[in-house]
Each structure stands twice: as structure tokens, then as C-alpha cells.
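In what follows, a single structure is set out as C-alpha cells and then discussed.
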Amino acid sequence: MGVEKFYNRFNSVVGDMWSSGLFGILMISVISLTFASCSSTSWVVVNEEETDINDFELVSSQFYLESTNGITPTQPLIHFDLKKVNLYEYAQRVKTERFIQRYRPRLGYVMLGVAGAGLSYYAAFSDRLLTEPSNSQRFALVGAGTMLTGLSFLNMKPVGEPSATGESRLLRKTGTVQEADTSDALPYNDQIPTFRISYNDSVLVRNEEREFSGSRITINLTEEIDAGLFNEDPTENILVEVSYDSLSIAKEIPVSSIFEQFVVVNAQITALRTDPSNNPNNILTDLAEGSQLKLVERRDNWYKVLYGISETWVSANDVQTIWRSSEFASDLSVIAIPNVPFGSVDVEKDIPVLTQSSSNSSAFILSNYQYEEDLSERIYGQRDARLMQEYFLQAFGMRSNNIVNISNINTQVQLDRAYSRLINSINASSNVTIYLSGYAEIRDGKVFLVGSVTEGQERQYIDLHDFFAALNDSDLNRVIVFADLDFIDDERSDQALQKLASVITDNNSESAVIFGASSGQRSAMYSSSTGEQKRHSIFTYYLAQAFKQGKTSVNEIRAHLERNVPFTSRSIYDRPQNPLFFGNADLELTD
């Protein structure tokens, strides 16, 4: 058969296949099979040291005590838990996991395989070829076509990533690993735990027994410790030690984690202020001795405290800090004295007129009440000075330009200048009444007025002997001194007061000096937590009361003071305050 004849016959066969639709069927089959897919599964090694949790052996067990809870004043409980550490040895094995992989036939190979198979099938069964095939040739062509088709589909490509089925297997053992497991443990014998509490090398609780509750020992520290043991700023921690069998544990706890700080007013009276400064306009109310408030913070010489829900301030000099449990806050004792205006107290109103206006009488008022650091503010010092001025003006008819009223001086020079202003404004033969108020000290037999200080100043001491000498040198007609001195030292030497008074009384028969308290005694405020609130010092209050009752002779005033001042001080504070008198008792304050 010639080449041209074979070519013509082949075209005829292909044409017959196309015309008969067999070629289209083959193409559709190829496309369908191409987009068909299959999958297969396989086991993959993912870890050669996988721990087999089902193949283990307990190696050892160890008990211990542990305390991890936080302690606060609202929850002052400390817990100690009995724990157990178990050490296990686990087998390690090869771990395999099962994955599924999807495959899809490669289109090019499938098309070639199907095309070759189609030609083989056609050649096997067509009678239009140049030579009619024999049966054995047909079988060979059919087998070849089938093989070509099958081989084309065996050449497949994977689709996407393998997906895990979640199945796994542990195979051969490769080693071992040890792991520790911690858990709560119940007591393992009948012994009762004991605890010990110490602070600053002092044992507070010694070997107290405490039963387990399950696996826990609980100690309420506020029930075991006296909060009164601690000072304002504890530097040491509280040490709690617990023992059980051969086990023991120790834990240090700051005092502030167990107790809260409060302040207790230890001054006769203190001002509760809206801000930390000595300002008469920032006083919210006054607090009597014994009042208790919760401490918020300390700032220099001031404490921020809670008054109800308001944050207020008190002078650090007037209070002491204490540690108490948080429950103490629900039962605080606050003795508030409302801040009433001047003129509300009995001796401040309805002041009588005891004499007509006189140009021959004058007064010198000195009140030191503003103090800081270790001295409390004399809370009613300003009000005392105003009360005396009102009586000098209204009751004794003194002219306002004949009254010098100074306060809060710190130096001898300030006192001398103020006294010079008085002397330059009156006649040499005038009658002068002196009122002094403030802290005082006796040093080397002499009496000093403690200078008033503000922030940044250095405290000085004013020699009252020099002041009394100036009074003596002024050639005055009558001199009467009321000295409400609050002695802050313990030196009991009334001789020093007598010596001071004699500077005037020995040289002027028309003179008298009355001290509000003896040496070593405090001049107290008339402020009772359960009684009346007079808002003045006891001495000044009864001095004004004597004036209001029309007592103008020194002898009457002296008797009134000696009868009332000691009794009131004893009844309120249970301590002595005895006025002292020197000089001429027959003098009259009126002309």
C-alpha cells in the first residue's frame, strides 16, 4: 500500500469517527474524567518522643506547706495549704497521624491516552482500513487502547494540602520522661499544726494549735495580734511561722497589710480644716480630745483624714496615730464642736458698761496662737484676744486708739515695736491693762514666751522679763497684767513667776499680776466632750465672766478665778490649773 493511499484511508477513518460522533464522545469522556478526582490515606510520623500518658510509673511524692493568698485589712486572713508534689515517669513513643490526600488526573496525559485508545479501538473494529485486522490483532489493539487509557489516569497530581483525620497511633517506645504534678493534699497523720507569730524579735503568739480545714490552715491575724503594739511607721514586718510534722513555712507580712491607721485627737481641741494651712477661714469644725478619724496620708505637719466621706486636714501636733483593724472604722468616735461665730457664747454677748469712756486708760493685748512642728495651735487664741478687746472697749470704755492688739510674734524686736506704739499714743501717767496669751517655758529661772512660727521660720523665745522691765520704766500710773501662759515644760518653779511679777510689783504699788496657771501646768481650753463648749481658754472665759458680772476690783476677779478655774480643769481634764496672784489686790480696773 502506497503512502498516499494510507494517508487517504486515515483521513477517511477520522472523518468517519467525527461524522459518527465517536470523536465527540471521546472528548466529553476525556473532559469528565479529567475533572474527576480520587483520594488516598497515609500514616505520617509527627513526633518520635511523644509522651504516653497511659504508660507511667510513680517515682516519688513530697509534701510541703504553701501560702499564696493576698492579705488586706478588709481580709486579714492568712491561709497555709498542704500541698503534694508527685513525680511520675512516662514512656515516650513514636506518634503517627493519619492524613487524606486528594488527587486529580493530569489533563494532557489523559487526552493523549484517550486519543491513542480511540485510534486503537477504531483500528480494531473498523472495516474501512486498508487491511482488515485479524481477531488476534483486534484483541491486541483493544488491549493497547485500554492500557493507554488506564496509564493516562494513573499519572495524577495532588490537589491542596493533606488534611488530618484526627486519628493517631503510638508505636514503639523510644525513651522515658519525668514530670511533676502538684495538688492539694489531705493531712497524712494525726499531728495538729502549730503557728507562731513574732514582731521585732518579740514573740506575740507561741506554738498555738490550729486544725486543718480540709487541706488548709486559716489564721485571722487581727484576732491574734494586738494592734496597739505598733508605732506610727513600723519598720519591721510581722513574721508568721507554721509547722506540721516535719514541714514548716515562714511568711513576712507588713503591718499595713493587716491593720489600718487612724488618728486620735490628743490636744484639748483641734481644728478640722479644708486644706493644710493655718487659716481661720478654712476651719470646717473643731474636734474635742479623743475624737477618732481614719488616716488617709501625711503631708509634712498635717494629716489628711476622713470626716464622713470628706477628706479634711488636722495638725499632726494635735493627734496621735494608732493601728486598728478595718472594723474600727465603723465605730469611730468623733466629737465635733460646730464653728459658731463670735457673739454666740454667753460671755461674748450683752457686755455691760462698767465705766464711762476714759482717755486715761489703755490696753496691750498679745496673743500667740499660731504654732507648728511639735506645738499644737492654740485654737481659740484669736477668739480670746478679740474677747478681751471687746471688754476693754465696751465695758471699760477704752478708746480704740489706746488699744494695741498684736498676735503671733516671734522675736523680742516685734514685741518692743508694738509696745512702743502703745507708749507713744498715751500719757505717761496712764493706767495700762496687759493681756498675754501663748505657750511659755521657764529657762534658767526666767520666763519666756514661745514665739509663734509659720512654715520656714525658726522658733525663738521672747524674754518676758525684758518686757516687764519696759513696763516698769514707762512711769505708768497703774499696771495690771493678766497672763494666760500655757507652760509646756515640766519645771515647777513658781519662784520664777514671782520673780517675773516682782519686776513690776516691787517698784509700783499700783500694780498686780495674775497668771492663768502655775509653773509646769497647762492652760486648758474650755471644751468638754460631754458638756459645754465655751470656745475660749478656761482662764480667759472666767476672766470675762468676772467682768460681765461687774467685778472690777482685782480682789474680786482673783477670787472668781481661783474658785472656778481649778474646778473646771479638774472636771474636764482631771489635771490641776491653779492661777497665781502677785501684787496689790485692792486695785480697781475702773477709773
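According to my numbering, the sequence shown is numbered sequentially starting from 1332. Note that the Cβ used here is the ideal one computed from N, Cα and C, for glycine as well. Just so we're clear, the structure is a prediction, and the values are computed from it rather than from any experiment.
Practice task
Specify whether the segment 1615-1632 and the segment 1589-1607 touch according to this definition: at least 3 beta carbon pairs, one from each stretch, less than 8 Å apart.
Solution key: yes
Exercise for the section: Output yes or no for whether 8 Å exceeds the beta carbon distance between L1578 and F1394. Expected result: Yes, the pair counts as a contact, with Cβ atoms nearer than the cut-off.
Problem - G1807 in three-state terms, based on DSSP - result: Looking at the sequence shown, residue 1807 is not Gly but Leu. Correct three-state label for L1807: coil.
Problem - Length-filtered (4 minimum) alpha helix (DSSP H) runs lying within the segment 1500-1557 - result: 1552-1555
Handout entry: Helix, strand or coil at D1797 [DSSP, three-state]
Key = Assigned with DSSP and collapsed to three states, D1797 falls in helix.
Handout entry: N- and C-terminal bounds of the beta strand (DSSP E) containing K1635
Key = W1633 to Y1638
Exercise for the section: Give every residue of the same chain whose Cβ lies closer than 7 Å to the Cβ of T1507, excluding the five residues on either side of it in the sequence, and list them in chain order. Expected result: Once the five neighbours on either side are set aside, the close Cβ partners of T1507 are E1420, Y1421, A1422 and Q1423.
Exercise for the section: Confirm, please, whether the CB-CB distance from I1569 to I1556 is below 8 Å. Expected result: Yes. Within cutoff.
Exercise for the section: Kindly list the residues whose CB is nearer than 7 Å to the CB of L1795, restricted to its own chain and excluding five residues on each side of it in sequence; keep chain order. Expected result: V1778, F1779, L1780 and L1831
Problem - Close beta carbons around C1369, own chain, < 6 Å, minus the five adjacent residues each side - result: Apart from the 5 residues on each side of it in sequence, C1369 sits with its Cβ closer than 6 Å to the Cβ of Y1434 in its chain, given in chain order.
Handout entry: P1897, DSSP secondary structure in three states
Key = helix
Practice task
Would you check if there are 3 or more beta carbon pairs closer than 8 Å linking the segment 1580-1587 to the segment 1536-1545?
Solution key: Cβ pair count under 8 Å is below three, so no.
Exercise for the section: Kindly indicate the opening and closing residues of the alpha helix (DSSP H) around F1870. Expected result: I1869 to K1879
Problem - Collapsed DSSP secondary structure at P1565 in the structure displayed - result: coil
Problem - Spatial distance of D1747 from A1716 (CA atoms) - result: Each residue's Cα considered, the two are about 19 Å apart.
Practice task
Report the partner residues of M1478 according to the DSSP bridge assignment.
Solution key: Answer by DSSP bridge pairing: none, since M1478 is not bridged.
Handout entry: Endpoints, beta strand (DSSP E) assigned at V1744
Key = Looking at the DSSP string, V1744 is not in any beta strand (DSSP E); the run it does join, the alpha helix (DSSP H), is Q1743 to N1755.
Exercise for the section: For the segment 1594-1661, list the beta strand (DSSP E) runs that are entirely contained and at least 3 residues long, ordered along the chain. Expected result: 1600-1604, 1614-1619, 1623-1630, 1633-1638, 1641-1646 and 1650-1655
Exercise for the section: Taking the CB atoms as reference points, tell me whether I1819 and E1772 lie closer together than 8 Å. Expected result: yes
Exercise for the section: Buried or exposed for S1910, please, with buried defined as at least 16 other CB atoms from any protein chain shown within 10 angstroms of its CB. Expected result: A quick correction: the sequence has Pro, not Ser, at residue 1910. Counting Cβ neighbours within 10 Å, P1910 comes out buried, since at least 16 surround it.
Problem - Which of helix, strand or coil DSSP assigns to Y1722 - result: helix
Practice task
Taking 8 Å as the cut-off, decide whether the C-beta atoms of S1690 and R1752 are in contact.
Solution key: no
Handout entry: Separation of A1660 from T1405, as counted between CA atoms
Key = Going from the Cα of T1405 to the Cα of A1660 covers about 11 Å.
Handout entry: Collapsed DSSP secondary structure at Y1422 in the structure displayed
Key = In the sequence as presented, Tyr is not what sits at residue 1422; that position holds Ala. It is a strand residue.
Handout entry: First through last residue of the beta strand (DSSP E) which encompasses T1382
Key = C1369 to E1397
Practice task
State the Cα-Cα distance for the pair S1588 and S1622, rounded to the nearest angstrom.
Solution key: 24 Å
Handout entry: Beta-bridge partners of N1417, as assigned by DSSP
Key = S1392 and D1512
Exercise for the section: Could you have a look at R1709 and say whether DSSP puts it in helix, strand or coil? Expected result: Coil, per DSSP.
Handout entry: Whole-Å CB distance - N1648 paired with D1705, under 8 Å assumed
Key = 6 Å
Handout entry: Reference I1384, options S1884, A1598 and Q1509, closest by Cα
Key = For the set S1884, A1598 and Q1509, the Cα lying nearest the Cα of I1384 is the one of Q1509.
Practice task
Give the secondary structure of I1835 by DSSP, where H, G and I count as helix, E and B as strand, and everything else as coil.
Solution key: helix
Exercise for the section: Kindly give me the distance between the Cβ atoms of N1915 and E1841, rounded to whole angstroms, as I take these residues to be in contact under 8 Å. Expected result: 6 Å
Problem - CA nearest to the CA of R1547, picked from K1414, I1888, I1640 and L1767 - result: K1414
Practice task
Sort N1886, A1875, M1442 and T1899 by Cα distance to M1856 and report the nearest one.
Solution key: Looking from the CA of M1856, the closest CA among N1886, A1875, M1442 and T1899 belongs to T1899.
Problem - Start and end residues, beta strand (DSSP E) containing A1843 - result: In the DSSP assignment, A1843 falls within the beta strand (DSSP E) that extends over S1842 to F1846.
Practice task
With a 10 Å radius around its C-beta and 16 neighbouring C-beta atoms as the bar for buried, classify S1451 as buried or exposed.
Solution key: buried
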